Amino acid sequence: MIHLQNIEKVYRTSTIETLALNNINLDIKKGEFVSIMGPSGCGKSTLLNVMGLLDEPSKGTVQLDGQPVMKYTDKELAKLRNQKIGFIFQSFHLINDLTVLDNVEIPLLYRATNGKPRQEYAKEALAKVGLSNRMKHFPKQLSGGQKQRVAIARAIVGNPHIILADEPTGNLDSAMGNEIMTILQELNNEGATIVMVTHDEQMAKRTHRLIRLFDGTQVV
Amino acid sequence: MIAHLFKLIWNKKKTHSLLIVEIWASFMVLFGLATLIVVNVRNYREPLGFGYENVWAIGLKANQDTVGIADKLQRVQQRLRAYSEVESVSRMGSNVPFSSSQTNNGIEYKKRKILADFYATDENFAKTLDILVPLGHWYRNADSVGKYTPVVINQNAKEELFENENPMGKIIGDRFKVVGVIDNFKAKGEFMSNKPAVFELAKVDATWVDTMLIKVKPGTDAAFEAKVVKDIAAMVTGWSVEVDYLTDMRKNQHNLVLVPIIIALIVCSFLLINVALGLFGVLNLSIAKRRGEIGLRRALGATADGISIQFIGEIWVLATFALLIGLLFAAQFPLLNVFDVNAGTYVTAILIAMLIIYGIVTLCALFPSRQAANIQPATALHEE
Numbered sequence: 045m046i047h048l049q050n051i052e053k054v055y056r057t058s059t060i061e062t063l064a065l066n067n068i069n070l071d072i073k074k075g076e077f078v079s080i081m082g083p084s085g086c087g088k089s090t091l092l093n094v095m096g097l098l099d100e101p102s103k104g105t106v107q108l109d110g111q112p113v114m115k116y117t118d119k120e121l122a123k124l125r126n127q128k129i130g131f132i133f134q135s136f137h138l139i140n141d142l143t144v145l146d147n148v149e150i151p152l153l154y155r156a157t158n159g160k161p162r163q164e165y166a167k168e169a170l171a172k173v174g175l176s177n178r179m180k181h182f183p184k185q186l187s188g189g190q191k192q193r194v195a196i197a198r199a200i201v202g203n204p205h206i207i208l209a210d211e212p213t214g215n216l217d218s219a220m221g222n223e224i225m226t227i228l229q230e231l232n233n234e235g236a237t238i239v240m241v242t243h244d245e246q247m248a249k250r251t252h253r254l255i256r257l258f259d260g261t262q263v264v
Numbered sequence: 237m238i239a240h241l242f243k244l245i246w247n248k249k250k251t252h253s254l255l256i257v258e259i260w261a262s263f264m265v266l267f268g269l270a271t272l273i274v275v276n277v278r279n280y281r282e283p284l285g286f287g288y289e290n291v292w293a294i295g296l297k298a299n300q301d302t303v304g305i306a307d308k309l310q311r312v313q314q315r316l317r318a319y320s321e322v323e324s325v326s327r328m329g330s331n332v333p334f335s336s337s338q339t340n341n342g343i344e345y346k347k348r349k350i351l352a353d354f355y356a357t358d359e360n361f362a363k364t365l366d367i368l369v370p371l372g373h374w375y376r377n378a379d380s381v382g383k384y385t386p387v388v389i390n391q392n393a394k395e396e397l398f399e400n401e402n403p404m405g406k407i408i409g410d411r412f413k414v415v416g417v418i419d420n421f422k423a424k425g426e427f428m429s430n431k432p433a434v435f436e437l438a439k440v441d442a443t444w445v446d447t448m449l450i451k452v453k454p455g456t457d458a459a460f461e462a463k464v465v466k467d468i469a470a471m472v473t474g475w476s477v478e479v480d481y482l483t484d485m486r487k488n489q490h491n492l493v494l495v496p497i498i499i500a501l502i503v504c505s506f507l508l509i510n511v512a513l514g515l516f517g518v519l520n521l522s523i524a525k526r527r528g529e530i531g532l533r534r535a536l537g538a539t540a541d542g543i544s545i546q547f548i549g550e551i552w553v554l555a556t557f558a559l560l561i562g563l564l565f566a567a568q569f570p571l572l573n574v575f576d577v578n579a580g581t582y583v584t585a586i587l588i589a590m591l592i593i594y595g596i597v598t599l600c601a602l603f604p605s606r607q608a609a610n611i612q613p614a615t616a617l618h619e620e
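Chains as they are written, first to last, in this note's numbering: chain A, 45 to 264; chain B, 237 to 620.
1. In whole angstroms, give me the CA-to-CA distance for Met179 of chain A and Leu208 of chain A.
2. Which residues, taken in chain order from the region 104 to 121 of chain A, show a beta carbon closer than 7 Å to some beta carbon of chain B?
3. Is there contact between the region 176 to 190 of chain A and the region 275 to 292 of chain B, where contact requires at least three CB pairs shorter than 8 Å?
4. Pick helix, strand or coil for Tyr319 of chain B, following the three-state DSSP scheme.
5. Does the beta-carbon of Val257 of chain B have 16 or more other beta-carbons within 10 angstroms, so that it is buried, or is it exposed?
6. To the nearest angstrom, how far is it from the Cα of Asn341 of chain B to the Cα of Leu244 of chain B?
7. Taking the alpha carbon of Ser187 of chain A as the point to measure from, which residue in A:Ile227, A:Ile51, A:Leu216 has its own alpha carbon closest?
8. What does the Cβ neighbour count give for Thr62 of chain A, buried or exposed, with the cut at 16 atoms within 10 Å?
9. Inspect the beta-carbon positions of Cys600 of chain B and Leu494 of chain B and report whether they are closer than 8 Å.
10. Among B:Phe516, B:Trp552, B:Leu617, B:Trp475, whose alpha-carbon lies nearest the alpha-carbon of Asn299 of chain B?
11. Less than 8 Å separating the beta-carbons of Leu231 of chain A and Lys88 of chain A?
12. Excluding five sequence neighbours on each side, which residues of the same chain lie with their C-beta closer than 6 Å to the C-beta of Met485 of chain B?
13. Out of B:Tyr345, B:Asp419, B:Thr357, B:Thr443, which has the shortest C-alpha to C-alpha gap to Ile407 of chain B?
14. Chain B beta carbons: is any one of them nearer than 8 Å to that of Phe133 of chain A?
15. Could you tell me whether any Cβ in chain D is nearer than 8 Å to the Cβ of Glu529 of chain B?
16. Can you tell me whether Asn265 of chain A is buried or exposed, with buried defined as 16 or more other CB within 10 angstroms of its CB?
17. Give the residues from the region 77 to 95 of chain A that approach chain B closer than 7 Å (Cβ to any Cβ), ordered along the chain.
18. Taking the alpha-carbon positions, what's the Lys347 of chain B to Leu492 of chain B distance?
19. Just to make sure I have the definition right: I need the residues of chain B whose C-beta is within less than 8 Å of the C-beta of Ile139 of chain A. Which are they?
20. I want to verify the contact list: residues of chain B whose CB lies under 7 Å from the CB of Pro151 of chain A, in sequence order.
21. Provide the residue span of the beta strand (DSSP E) that contains Thr385 of chain B, from first to last.
22. Do we get a CB-CB distance below 8 Å when we pair Met428 of chain B with the residues of chain A?
23. Cβ of Arg256 of chain A versus every heavy atom of the ligand SAH: is any distance shorter than 7 Å?
24. Going by C-alpha distance, which of B:Asn247, B:Arg534, B:Asn392 is nearest Phe182 of chain A?
25. For Asn610 of chain B, decide whether its Cβ has a neighbour in chain A, counting only Cβ atoms nearer than 8 Å.
26. How close, in whole Å, do the beta carbons of Gly198 of chain B and Asp419 of chain B come, if the pair is a contact with beta carbons under 8 Å?
27. For Phe131 of chain A, which residues does DSSP report across the bridge?
28. Is there at least one Cβ from chain A nearer than 8 Å to Asn420 of chain B's Cβ?
29. One question on the structure: do Met471 of chain B and Gln313 of chain B come within less than 8 Å of each other, judged by their Cβ atoms?
30. Per DSSP, what kind of secondary structure is Phe421 of chain B in: helix, strand or coil?
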């Protein structure tokens with residue numbers, strides 16, 4: 045499903061060069077639930093961004109569903125992100141000026157899905173995360189756990205095969221974190237491939253496989 | 237996507253209210269200025285209706301002299317006719333073309349009453365100003381028989397008084413008989429609207445018909461002007477003699493119209509520059525504040541161009557809100573027929589003002605929206 049080969053990512057400024065990822069080789073199979081762990085600054089989010097086609101590696105190749113995406117145009121990459129990948133972020137990244145329903149509809153806007161089916165899909169996704177009664181609320185009116193559930197609904201509304209979660213429980217207490225983890229496990233059971241960055245050993249133990257990074261290098 | 241942008245801006249209407257007011261105010265100012273310009277451009281495109289090249293206006297004032305004024309005026313006219321440099325001479329009241337003087341009166345035909353500009357002239361007026369008379373003829377002294385004074389009217393007066401009726405020989409205002417119809421007559425210059433005009437044959441002994449219009453041969457110079465003034469001064473001692481070229485008077489009339497428009501244009505330009513700078517600043521700030529959202533949208537499937545279009549779209553939606561409010565005000569002008577300007581002029585002015593507003597907001601949004609498009613999604617998401 046996701047194949048990374050000899051991935052290297054270097055951040056350069058005029059005075060300093062930082063090696064964020066060093067020779068990463070990774071194969072994530074369809075239906076896997078993989079967690080990535082490591083100390084802060086070790087390159088976990090960078091790795092997730094490379095997998096999510098949000099960041100270009102300095103070296104190496106990325107394959108998605110067997111297709112090398114290195115030479116894809118911005119438009120082609122955007123289409124892949126929209127149709128095949130769902131993103132969940134630690135800080136939720138909800139748009140405060142839009143209602144919960146409108147937030148969940150966003151990925152479908154970039155597929156030019158018509159208004160009525162778009163709303164139906166969004167409602168279905170919200171029902172799946174148990175937030176049907178909060179559709180007209182604004183993000184500021186929700187708790188952290190509810191916000192993350194909205195973000196999950198947004199990630200799954202377009203039925204992507206892959207869900208990339210960057211510390212999805214990082215801003216939540218343990219009860220809410222468990223709740224989110226349960227939803228992710230359910231999604232995985234339904235067939236979604238999930239890659240999750242986490243600092244939490246307990247959460248990582250609930251996934252199929254653990255990848256450890258240290259200073260940009262894969263150690264496990 | 238359009239509905240999404242409307243929703244986004246609508247939900248942020250309080251934050252954007254000042255910006256909406258600013259765009260609305262700019263639209264209203266632009267609408268006013270555009271109306272002024274459209275009215276004048278439309279007037280300018282209408283033919284003037286007479287020739288003014290090589291025509292001089294010689295104003296005669298008797299001052300303290302009260303004896304035989306009419307007779308003296310006739311002698312001056314005859315003397316002017318005698319010059320070989322002069323092609324034609326006509327007498328008229330002080331409201332000569334391009335002067336600031338104006339005479340108007342109500343006139344009626346079959347209960348249709350209009351307000352028309354009145355000109356008291358003689359039989360040589362049409363010849364002196366190269367006025368064509370498509371219907372009937374320019375009055376002659378011989379037409380002044382019986383109790384009716386012969387008059388020539390312009391096309392506008394004909395349409396308002398007679399509609400489709402033939403005006404020839406008709407009596408208007410109890411004492412005037414129509415003998416001819418001319419096309420346009422815009423005495424105050426090209427920027428004047430073509431108003432109804434009535435030309436009546438002035439009586440030979442009318443002392444107030446004291447301005448001579450003379451058409452001189454091309455190339456006649458200031459030396460002849462000096463000679464004319466000297467000769468007239470010798471004929472009518474104590475009178476004031478003042479010569480004005482119609483070409484110069486026309487320029488003065490143009491300045492009276494153009495100077496306020498140019499001043500308004502300059503003021504309006506400064507206003508628009510201020511609005512543009514404000515918009516530019518607000519957009520730049522907005523993009524800096526919304527880097528996380530930009531990163532998120534890229535992650536969810538927006539292309540770089542899509543982000544750019546979104547920001548331009550947002551400012552268009554904002555401008556549309558302001559313009560809708562502006563339209564509510566602007567639409568009152570044609571609906572209530574304010575300033576007696578036709579509805580087409582107002583509609584054109586509204587369209588011009590809208591076009592300029594959309595142009596300005598687009599220009600202001602272009603650079604910030606390109607900046608937004610260039611934001612790296614991974615970096616923007618990380619910053620949040």
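For glycine and all other residues, C-beta sits at the position ideal for the given N, C-alpha and C.
These numbers come from a predicted model, not from an experiment.
The short version:
1. For this step, residue 179 of chain A is matched to residue 135 along the first sequence. For this step, residue 208 of chain A is matched to residue 164 along the first sequence. In this structure, the straight-line span from the alpha carbon of Met179 of chain A to that of Leu208 of chain A is close to 24 Å.
2. In summary, the residues of the region 104 to 121 of chain A whose CB is separated from some CB of chain B by less than 7 Å are Asp118, Lys119, in the order they occur in the chain.
3. Too few Cβ pairs lie closer than 8 Å, so no.
4. In the second sequence, counting from the first residue as 1, residue 319 of chain B sits at position 83. DSSP places Tyr319 of chain B in coil when its eight states are reduced to three.
5. Position 21 of the second sequence, counted from the start, is the residue given in the question as residue 257 of chain B. Val257 of chain B should be labelled exposed.
6. As a first step, residue 341 of chain B must be located in the second sequence, where it is residue number 105. As a first step, residue 244 of chain B must be located in the second sequence, where it is residue number 8. When rounded, the distance between both Cα atoms is 59 Å.
7. Here the question's residue 187 of chain A lines up with position 143 in the first sequence. When each option's Cα is compared against that of Ser187 of chain A, the closest is A:Leu216.
8. In the first sequence, counting from the first residue as 1, residue 62 of chain A sits at position 18. Classified as exposed, Thr62 of chain A has fewer than 16 neighbouring CB atoms from the shown chains inside 10 Å of its CB.
9. If you number the second sequence from 1, residue 600 of chain B lands on position 364. If you number the second sequence from 1, residue 494 of chain B lands on position 258. With respect to Leu494 of chain B, Cys600 of chain B sits apart: the two C-beta atoms are not nearer than 8 Å.
10. By 1-based counting over the second sequence, the position of residue 299 of chain B is 63. The shortest C-alpha separation from Asn299 of chain B is found at B:Trp475.
11. Translated into positions along the first sequence, residue 231 of chain A becomes position 187. Translated into positions along the first sequence, residue 88 of chain A becomes position 44. No, they are not a contact pair.
12. Your numbering for residue 485 of chain B matches position 249 in the second sequence. Shown here for Met485 of chain B: same chain residues with a beta carbon closer than 6 Å to its own, the five before and five after excluded, namely Phe334 in chain order.
13. In the second sequence, the residue the question calls residue 407 of chain B occupies position 171. Ranking the options by Cα distance to Ile407 of chain B, first place goes to B:Tyr345.
14. Here the question's residue 133 of chain A lines up with position 89 in the first sequence. For Phe133 of chain A, a Cβ of chain B is located within less than 8 Å of the residue's own Cβ.
15. Annotation note: the requested chain D is absent from the structure, which comprises protein chains A and B.
16. No information on residue 265 of chain A is available, as it lies outside the stretch 45 to 264 that chain A covers here.
17. If the cut-off is 7 Å between Cβ atoms, the region 77 to 95 of chain A has Ser89, Asn93 near chain B.
18. As a first step, residue 347 of chain B is located in the second sequence; it is residue number 111 there, counting from the start. As a first step, residue 492 of chain B is located in the second sequence; it is residue number 256 there, counting from the start. Cα to Cα, the separation comes out at about 36 Å.
19. What you label residue 139 of chain A is simply residue 95 of the first sequence in a count that begins at 1. Correct list: Leu244, Glu529, Leu532.
20. As a first step, residue 151 of chain A is located in the first sequence; it is residue number 107 there, counting from the start. Near Pro151 of chain A (Cβ distances below 7 Å), the residues of chain B are Leu536, Gly537.
21. Here residue 385 of chain B corresponds to residue number 149 of the second sequence, with the count starting at 1. Membership of Thr385 of chain B in the beta strand (DSSP E) is indicated by the continuous run 385 to 390.
22. Translated into the one-based positions of the second sequence, residue 428 of chain B becomes position 192. Taking Cβ atoms only, chain A never reaches closer than 8 Å to Met428 of chain B, which makes this a no.
23. The ligand SAH is absent from the structure shown, which contains no ligands of any kind.
24. What you label residue 182 of chain A is simply residue 138 of the first sequence in a count that begins at 1. Residue B:Asn247 is the option with its Cα nearest to Phe182 of chain A.
25. Locating residue 610 of chain B in the second sequence gives position 374, counting from the first residue. Closer than 8 Å: no.
26. This structure gives no information on residue 198 of chain B, because the portion of chain B shown stretches from 237 to 620.
27. The residue you call residue 131 of chain A lines up with position 87 of the first sequence. Paired residues: A:Leu208.
28. By 1-based counting over the second sequence, the position of residue 420 of chain B is 184. Not one beta carbon of chain A lies nearer than 8 Å to the beta carbon of Asn420 of chain B.
29. In the second sequence, the residue the question calls residue 471 of chain B occupies position 235. In the second sequence, the residue the question calls residue 313 of chain B occupies position 77. No, the Cβ-Cβ distance between Met471 of chain B and Gln313 of chain B is not below 8 Å.
30. Residue numbering aside, residue 421 of chain B sits at position 185 when the second sequence is read from its first letter. Coil, per DSSP.
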